Amino acid sequence: MSSPAKKRKLNNATKNEKPQSKGLEYFFSKQKQNGGSPAAVPESSPAGVDEAPLTDEELARKLQAEWDKEAAQMNAQNSNKTKITETQEKNETEEPATVDEPQLEQPKSADPVAFFGGKKTLALQSAGMDEDNITISIPLDEPPLTFEPSKYIDQLKDHWYKDGGHASYALLTRCFVLVSGTTSRIKIVDTLVNCLRLLIEGDPESLLPAVWLATNSISPAYISMELGLGGSAISKALKQVCGLDSRSLKTLYDKYGDAGDVAFEAKKKQSFTLRKPKPLSIKGVYQSLVKIATTQGQGSNEIKQRIVDRLLQDARGGEESRFIVRTLCQHLRIGAVKTTMLIALSRAFLLSKPADAEYETKDISSLAKLRKEELAEVWAKAEETVKACFAKRPNYNDLIPNLLQIGVCEELLIRCGLALHIPLRPMLGSITRDLSEMLTKLQGRDFTCEYKYDGQRAQVHCDENGKVSIFSRHLELMTDKYPDLVELVPKIRGDGVSSFIMEGEVVAVDSATGELRNFQTLTNRARKDVEIGSITIQVCLFSFDLMYLNGQSLLDRPFRERRELLQSLFTEIPCRFTWVKSLDATSAESETVLDFFKSATENKCEGIMVKILDNLPDVAYMGGDDAETKEEEPKLQIPKSKSKGKAKAKSDNGDQIEPAKKKSRRKALLATYEPDKRLDSWLKVKKDYSSSFDTLDLIPIAGWHGQGRKAKWWSPILLAVRNEESGTMEAVCKCISGFTDVFYKANKAFYDDGSETGEPKNTRLQMPSFIEYSGPMPDVWFEPQEVWEMAFADITLSPTYTAAIGLVSDERGLSLRFPRFLKKRDDKSLEEASTNEFLAGLWRKQEASATTAGGASKVAEEDEDAE
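Here the numbering used here is used: the first residue of the sequence shown is 116, the next is one more, and so on.
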């Protein structure tokens with residue numbers, strides 16, 4: 116800040132009286148006094164004596180227009196003058212800028228030093244909705260077999276070269292806009308494929324950052340890299356960059372409810388800027404995010420804030436601002452989930468390759484001539500390869516460089532195989548609603564039943580040096596959470612075991628008696644910086660699978676062989692390390708299986724897991740036959756009259772049961788370990804799953820003010836299933852049952868709209884773009900972050916709710932009758948909530964069972980009449 120003496124000196128520097136507030140008017144007039152313009156404008160009356168005073172912006176634009184005209188004339192006469200004299204530079208910088216005076220930048224629309232005989236001048240940069248017109252013109256949503264990247268690559272390279280050489284963020288933004296603007300799965304994949312192809316052929320270095328940005332992450336799950344940005348950092352940047360005050364920003368947020376939409380609108384309202392934005396590149400945006408995530412220590416908040424400010428300053432147009440902010444909030448919501456991205460990558464590398472790559476791509480003209488089924492087969496083979504690689508090594512940093520080098524081929528599976536201390540995605544079990552259904556599906560096979568412990572699934576890695584890594588089912592590193600297991604694991608290796616990857620369940624136990632304790636007890640353990648001496652809750656690792664041994668993958672071995680290696684090569688330590696309790700059986704031993712199931716539930720387990728022991732490719736599998744599962748069948752053995760019921764159901768309502776008939780096709784069921792797949796090789800039978808008691812894991816997304824004594828709480832509450840393909844959430848029902856007053860109070864505190872506290876928490880006023888709901892609008896929308904287990908009576912078609920719309924009906928979705936809250940699923944993330952496809956499957960089973968029961972009733976009535 117200038118001293119009083121300095122201020123007096125500045126004020127008395129000329130005879131002309133200066134305004135007390137130094138705005139643009141003073142700044143421009145000072146420039147003209149120093150020779151900035153031959154036709155100086157008297158600062159006391161910049162717009163003429165008889166005219167009303169102009170605003171800073173109006174005056175700046177007027178002067179800029181005059182200067183542009185004079186510059187053009189002088190440039191024609193003095194094209195050789197390219198340097199600025201020291202005297203002129205001194206005059207231009209003589210007046211120091213105060214904090215409130217923005218620094219204007221030289222325009223880059225003409226020769227950098229060509230104004231007024233080579234003299235630098237000030238320019239007003241147009242902001243607001245300026246966009247990259249070259250990128251916008253590219254039809255990214257064309258079918259990949261008709262889209263030709265070569266038409267645009269040269270032009271894009273020239274365009275990118277001017278801005279630094281790397282692919283512009285505008286290209287990725289254009290892709291995001293098209294993807295988020297459609298619900299068509301085909302269009303989403305096609306758009307991603309075309310965008311990826313442009314990067315593969317035009318700027319391979321930007322491909323990996325683009326994939327990370329499109330999947331809304333900057334690192335794999337097992338490498339902790341959180342941005343650590345609060346809402347205040349983004350709000351502060353929006354206010355500073357777009358010239359908003361707190362009230363204007365709140366008004367926009369209350370209206371739109373999405374931080375990205377707020378940024379879009381704020382950018383529209385920004386009419387001009389005094390600094391020309393430097394176009395963002397895909398690589399630069401990603402590197403900025405990494406720097407935000409890795410900056411720590413004193414002053415880190417200021418550094419992060421500067422990076423956020425610069426990203427928003429350099430964002431061109433509203434759409435870039437929208438997606439920059441959504442990326443910073445980690446809520447991109449464009450529908451490009453993991454599966455979609457892997458599909459797009461596989462297709463892009465079949466059609467395109469970098470200029471220096473030697474692998475062969477598919478001939479597009481030949482692909483275009485294939486029938487639809489043949490083309491689907493080509494796509495599917497490549498997709499399976501890429502998905503298998505990512506399941507074994509879920510890190511784009513490993514996958515993308517190999518794809519750029521060798522493309523989609525068998526060698527890719529070798530390069531991206533299992534590796535120690537890199538988690539593979541776990542195999543998952545299908546849900547069966549009762550033991551009768553399980554026994555029906557596994558006819559003719561040997562299987563094992565295992566206790567399903569109420570703990571935390573863990574993947575344990577140990578190398579030859581004794582280094583241990585422990586990962587959760589979500590691939591999060593939790594080695595620090597279990598230092599007692601880290602110390603124990605090297606000790607359980609038997610003779611000849613050097614390295615391994617095993618899977619098991621970490622369960623809280625009573626250290627004295629070995630009695631099992633529930634999952635809630637386990638959650639009370641600290642998660643970080645746990646010291647062995649401070650541990651009060653003891654755990655036991657119940658192992659159930661071995662996927663890697665002494666440098667060799669065991670994924671292709673049958674489960675019986677993997678289990679035998681696990682139990683013979685490792686040493687049991689009571690109450691610390693052991694194997695899951697199991698029972699080998701066949702479908703004929705229904706009573707034995709029932710007794711084992713009862714013993715599991717009596718020992719505080721969730722139920723049982725049933726797994727195929729051997730590979731029997733010649734034994735067909737009766738899977739997915741909805742008509743065969745009778746909901747009201749009290750016995751475990753297969754109903755003798757099932758074939759009659761099935762035939763009757765078909766004759767009564769052939770249209771409804773026909774899909775079930777197709778699904779009942781018998782197929783081989785193998786006992787290999789299939790990462791990242793949910794197969795009937797593993798069947799989950801929980802005590803809550805029965806023929807009369809279904810549950811769903813739903814996401815609370817909104818609420819209404821209650822009535823009467825519940826007026827201060829949220830009741831009812833709107834819940835949703837997730838759409839795995841689009842990444843959206845589809846509303847399925849309202850719920851008012853199963854809640855206690857204690858729950859209501861805690862829920863209102865967690866989802867606080869700020870009406871009482873003045874500080875909203877986990878809520879928003881507008882419906883988010885990723886929610887699909889067409890009914891009456893709730894009073895408040897929740898930020899989705901919990902999973903609740905819900906019971907219900909049955910499933911019905913609904914014109915109001917959007918869940919599973921298009922899967923069972925083109926016009927109506929599905930809803931639940933008499934939904935009832937059971938409990939929060941703290942052990943489940945949003946990605947594990949029930950899907951719309953799972954809901955549709957339950958509805959089909961319900962309809963098939965009802966039809967079968969109706970046929971049986973009709974037969975019974977006919978028998979009674981005959982008697």
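Heads up, the beta-carbon is just placed ideally off N, CA and C, and yes, glycines get one too.
Note that this is a predicted model, so its numbers are computed, not measured.
Bridge-paired residues (DSSP) for residue i
i       : result
Cys-655 : Val-622
Trp-694 : Ser-658
Thr-563 : Asp-699 and Lys-726
Leu-681 : DSSP, once it has assigned bridges, lists no residue as partnering Leu-681.
His-576 : Ser-584 and Ile-616
Pro-815 : Leu-834
Leu-931 : Ile-910
Tyr-284 : None, per the DSSP bridge assignment.
Asp-867 : Lys-876
Ile-607 : Answer is none; Ile-607 lacks a bridge partner.
Trp-829 : His-820
Leu-957 : DSSP output for Leu-957 lists no bridge partner at all.
CB of residue i within 8 Å of CB of residue j, strictly
i        : j       : result
Ala-955  : Ala-908 : no
Asp-569  : Val-654 : no
Ile-796  : Ile-727 : For clarity, residue 796 is Ser in the given sequence; the question names Ile instead. Taking 8 Å as the Cβ cut-off, Ser-796 and Ile-727 qualify as a contacting pair.
Glu-898  : Thr-917 : no
Glu-618  : Phe-659 : yes
Lys-507  : Cys-524 : no
Ser-287  : Leu-328 : Note that residue 287 is Leu in the sequence shown, not Ser. Contact: yes.
Thr-950  : Val-847 : no
Pro-516  : Pro-335 : no
Thr-616  : Leu-533 : The question names Thr, yet the displayed sequence has Ile at residue 616. It is a contact, given that the beta carbons lie within the stated cut-off.
Phe-634  : Asp-269 : no
Ile-251  : Leu-344 : no
Val-1019 : Leu-426 : Only positions 116 to 982 of the chain appear in this structure, which leaves residue 1019 out of reach.
Leu-307  : Cys-290 : yes
Ala-906  : Thr-810 : yes
Lys-468  : Ile-315 : yes
Leu-798  : Lys-556 : yes
Met-662  : Leu-539 : yes
Rounded C-alpha distance that separates residue i from residue j
i       : j       : result
Ala-715 : Glu-263 : 60 Å
Gly-559 : Thr-707 : 16 Å
Pro-157 : Gly-358 : Low per-residue confidence applies at Pro-157: pLDDT is 41, beneath 50, and the placement is therefore not dependable, though the value from the model is reported in the following sentence. Using only the alpha carbons, I get a separation of about 29 Å.
Met-593 : Ser-913 : 43 Å
Pro-541 : Leu-527 : 20 Å
Ala-963 : Ala-470 : 55 Å
Arg-793 : Lys-801 : 16 Å
Gly-853 : Glu-630 : 30 Å
Gly-412 : Ile-418 : 10 Å
Leu-681 : Gln-667 : 14 Å
Val-583 : Glu-434 : 45 Å
Ser-545 : Thr-366 : 47 Å
Thr-628 : Trp-903 : 33 Å
Ala-378 : Ser-347 : 14 Å
Gly-890 : Tyr-284 : 37 Å
Cys-310 : Thr-297 : 16 Å
Glu-871 : Glu-901 : 23 Å
Tyr-368 : Met-882 : 12 Å
Asp-595 : Ser-587 : 12 Å
Ser-876 : Ala-430 : The sequence shown places Lys at residue 876, not Ser. Roughly 29 Å separates the two Cα atoms.
Phe-438 : Phe-885 : 14 Å
Supposed close pair residue i, residue j - CB separation, criterion 8 Å
i       : j       : result
Glu-489 : Lys-398 : Between Lys-398 and Glu-489 the Cβ distance is about 38 Å, and since that is not below 8 Å, they are no contact.
Ile-814 : Pro-831 : Contact flag wrong, Cβ pair sits at about 15 Å.
Leu-466 : Ile-349 : The pair is not a contact, with the Cβ atoms about 38 Å apart (cut-off 8 Å).
Arg-932 : Thr-911 : 6 Å
Leu-518 : Phe-505 : With a Cβ gap of about 11 Å, Leu-518 and Phe-505 do not count as contacting.
Next on the checklist: Would the segment 832-844 count as touching the segment 447-456 if we require 3 or more Cβ pairs under 8 Å?
Outcome noted: yes
Next on the checklist: Measuring CB atoms only, is the segment 244-258 touching the segment 367-374, in the sense that at least three cross pairs come out at less than 8 Å?
Outcome noted: no
Checklist entry - Counting pairs of beta carbons, one from the segment 603-616 and one from the segment 576-583, are three or more of them closer than 8 Å? => result yes
Checklist entry - Are the segment 810-827 and the segment 889-906 in contact at 8 Å, needing three or more beta carbon pairs? => result yes
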